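Student:
Chains as they are written, first to last, in this note's numbering: chain A, 12 to 216; chain B, 3 to 209.
1) Residues in the segment 92 to 112 of chain B with C-beta within 9 angstroms of chain A's C-beta atoms, listed in sequence order?
2) Tell me, please, whether the segment 101 to 108 of chain A touches the segment 180 to 189 of chain A by the rule of three or more beta-carbon pairs shorter than 8 angstroms.
3) If you pair each beta-carbon of the segment 51 to 69 of chain A with each one of the segment 149 to 166 of chain A, do three or more pairs fall below 8 angstroms?
4) How big is the Cα-Cα spacing for residue 75 of chain A and residue 60 of chain B?
5) Chain B beta carbons: is any one of them nearer than 8 angstroms to that of residue 214 of chain A?
6) Closer than 9 angstroms by beta-carbon distance: list the chain A residues that pair up with residue 211 of chain B, in chain order.
7) With DSSP collapsed to three states, give me the class of residue 39 of chain A.
8) So within the segment 131 to 158 of chain A, which uninterrupted alpha helix (DSSP H) runs reach at least 4 residues, ignoring any that extend past its ends?
9) In chain A, what lies closer than 7 angstroms to residue 61 of chain B by C-beta?
10) For residue 132 of chain B, return the contacting residues in chain D, with the cut-off set at a CB-CB distance below 7 angstroms.
11) Cβ atoms of residue 165 of chain B and residue 143 of chain B: under 8 angstroms apart, would you say?
12) According to DSSP, what are the bridge partners of residue 174 of chain B?
13) Considering only residues of the same chain and omitting the five flanking positions on each side of residue 173 of chain B, which have a CB-CB separation below 7 angstroms?
14) Distance, Cα to Cα, residue 197 of chain A vs residue 142 of chain A?
15) Spatial neighbours of residue 32 of chain B within its chain, please: CB distance less than 6 angstroms, with the 5 preceding and 5 following residues excluded, ordered by chain position.
16) Please identify the residue among A:152, A:113, A:44, A:69 whose C-alpha is closest to the C-alpha of residue 167 of chain B.
17) Along chain A, which residues have their Cβ under 7 angstroms away from the Cβ of residue 139 of chain B?
18) With distance defined between alpha-carbon atoms, name the residue in A:110, A:115, A:146 nearest to residue 122 of chain A.
19) At 3 residues or longer, and completely inside the segment 62 to 143 of chain A: list those beta strand (DSSP E) runs for me, N to C.
20) Going by C-alpha to C-alpha distance, which of A:208, A:215, A:178, A:119 sits closest to residue 69 of chain A?
21) Does chain A have any CB closer than 8 angstroms to the CB of residue 166 of chain B?
22) Mind listing the chain B neighbours of residue 109 of chain A? Cutoff is C-beta to C-beta under 7 angstroms, in chain order.
23) Taking a contact to mean a Cβ-Cβ separation below 8 angstroms, would you say residue 169 of chain B touches residue 35 of chain B in this structure?
24) Alpha carbons only, please: which of A:135, A:52, A:193, A:98 is nearest the one belonging to residue 210 of chain A?
25) Since residue 181 of chain A meets chain B, which of its residues come closer than 7 angstroms, beta carbon to beta carbon?
26) So, are the CB atoms of residue 195 of chain B and residue 51 of chain B less than 8 angstroms apart?
27) Please work out which residues of its chain come closer than 6 angstroms, Cβ to Cβ, to residue 204 of chain B, disregarding the five sequence neighbours upstream and downstream, and give them in chain order.
28) To the nearest angstrom, how far is it from the Cα of residue 116 of chain B to the Cα of residue 140 of chain A?
29) Under the assumption that residue 132 of chain B contacts residue 120 of chain A (Cβ atoms under 8 angstroms), give the Cβ distance between them as a whole number of angstroms.
30) Can you give me the C-alpha to C-alpha distance between residue 155 of chain A and residue 169 of chain A, rounded to a whole angstrom?
31) Taking buried to mean at least 16 other C-beta atoms within 10 Å of its own C-beta, is residue 153 of chain A buried or exposed?
32) Would you say residue 123 of chain A lies against chain B (beta-carbon separation less than 8 angstroms)?
33) Determine whether the beta carbon atoms of residue 64 of chain A and residue 49 of chain A lie at a separation below 8 angstroms.
34) Nearest to residue 131 of chain A by CA position, among A:150, A:37, A:172, A:138, is which residue?
35) Any beta carbon of chain A sitting closer than 8 angstroms to that of residue 51 of chain B?
36) Output needed for residue 129 of chain B: all residues of its chain with C-beta closer than 6 angstroms, excluding positions within five of it in sequence on either side, in chain order.
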């Protein structure tokens with residue numbers, strides 16, 4: 012092998028992983044400029060939902076979530092869905108939020124365990140007791156973000172958001188808030204989910 | 003057979019997804035020609051909810067519902083949203099089905115009371131206890147259909163469907179029928195909703 016081939020080979024070795032990585036990065040991931048704007052915007056909008064900030068900036072929720080500082084947001088690839096869901100089903104309780112066009116649904120109850128159906132496409136939730144059951148299509152999920160956003164005082168809005176492929180929230184499991192404070196037990200369980208997600212591949216660079 | 007939880011949801015997954023090809027202009031009310039198609043389809047295979055039929059007919063769910071016999075479906079405009087919801091909140095229990103982004107979410111429990119926001123277009127549901135709460139947008143509902151559709155064995159599927167601007171069901175409340183048929187009390191609660199809606203203006207002109 013001559014030097015040309017050696018250099019070409021090195022370039023190939025270096026570029027292929029970069030190309031592969033960028034090919035998998037969703038278009039809604041915040042650019043450095045967008046991340047700066049998101050962080051500036053949040054300074055004046057403490058405790059606001061990402062959807063509110065996204066609307067104000069004219070970007071997707073995925074852009075806002077991926078633009079937040081480390082410690083406030085952690086986004087993982089949708090291939091991690093099953094592991095994330097297993098962790099959520101360890102929570103004692105949750106508020107499941109679902110968006111359908113302009114409608115917003117809130118369901119109080121545990122996150123039910125689930126498993127893939129025979130077609131390996133649908134993820135079927137066990138319909139036991141209160142809370143949200145049904146069937147999730149992981150292929151329609153573009154990213155999973157855990158958020159821990161400061162609100163007033165030392166309170167935090169904590170939860171795990173499931174975004175569609177366009178970067179908008181489809182549904183979320185939030186830590187219940189009682190009298191302005193997060194449930195301590197569930198907040199600790201959220202911490203376990205956060206730690207589990209930290210070990211997973213990130214969805215945005 | 004009635005539509006239990008599994009059959010209802012499985013069929014929703016298979017058939018109840020977007021029907022973008024259907025024109026939005028007359029998304030809610032069937033034309034006389036469309037109505038004939040619906041009636042022929044139901045004569046051949048009765049007992050199906052609109053979302054199980056509409057794709058094959060190239061119509062929206064709302065159009066299918068609008069063409070069902072008067073004793074099987076009844077549609078009212080979104081101006082009646084608050085009154086319909088008030089009636090639903092008197093049901094002892096319900097299965098709420100939300101079809102969103104390919105996901106099918108079921109919620110079991112009572113339907114919470116609600117009232118219009120004084121500041122926004124939201125209809126806010128009481129956040130007390132188990133079941134579904136949240137913020138609904140009556141202005142984004144194009145029609146509300148009560149259905150009571152008999153199956154082959156005579157058992158009925160009873161529910162109220164809230165259609166979006168494209169004539170798709172955004173969310174629906176059904177009487178639970180998984181495992182056991184609804185109780186006489188639950189049927190009476192549905193019948194009260196039916197009677198209330200019968201007294202409201204119709205969303206489509208009578209054919």
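We put the CB at the ideal spot given by N, CA and C, even for glycine. Nothing here was measured: the structure is a model prediction, and the numbers come from that model.
Tutor: Once the coordinates are examined:
1) Against chain A - using a Cβ distance shorter than 9 angstroms - the residues of the segment 92 to 112 of chain B are 98, 99, 100, 101, 102, 103, 104, 105, 106, 107, 108, 109, 110, 111.
2) yes
3) yes
4) Using only the alpha carbons, I get a separation of about 39 angstroms.
5) Answer no: the Cβ-Cβ gap between residue 214 of chain A and chain B never drops below 8 angstroms.
6) The structure shown does not extend to residue 211 of chain B, since chain B is modelled only from 3 to 209, so the question has no answer here.
7) coil
8) none
9) What residue 61 of chain B touches in chain A: nothing, since even the nearest Cβ is about 20 angstroms away.
10) Absence of chain D from the displayed structure is noted, the protein chains being A and B.
11) yes
12) B:99, B:163
13) 98, 99, 100, 164
14) The straight-line gap from Cα to Cα measures roughly 15 angstroms.
15) 65, 68, 69
16) A:113
17) Counting only Cβ-Cβ distances below 7 angstroms, residue 139 of chain B has contacts in chain A at 113, 114, in chain order.
18) A:146
19) 84 to 87, 105 to 111, 114 to 120, 125 to 127, 134 to 136
20) A:178
21) It does; some Cβ of chain A falls within 8 angstroms.
22) Neighbours of residue 109 of chain A across chain B, judged by C-beta separation under 7 angstroms: 100, 102, 107.
23) no
24) A:98
25) 102, 103, 105
26) no
27) none
28) 24 angstroms
29) 6 angstroms
30) Looking at the two C-alpha atoms, the distance is approximately 13 angstroms.
31) buried
32) It does not; no Cβ of chain B falls within 8 angstroms.
33) Yes, Cβ-Cβ distance for residue 64 of chain A and residue 49 of chain A is below 8 angstroms.
34) A:150
35) no
36) 135
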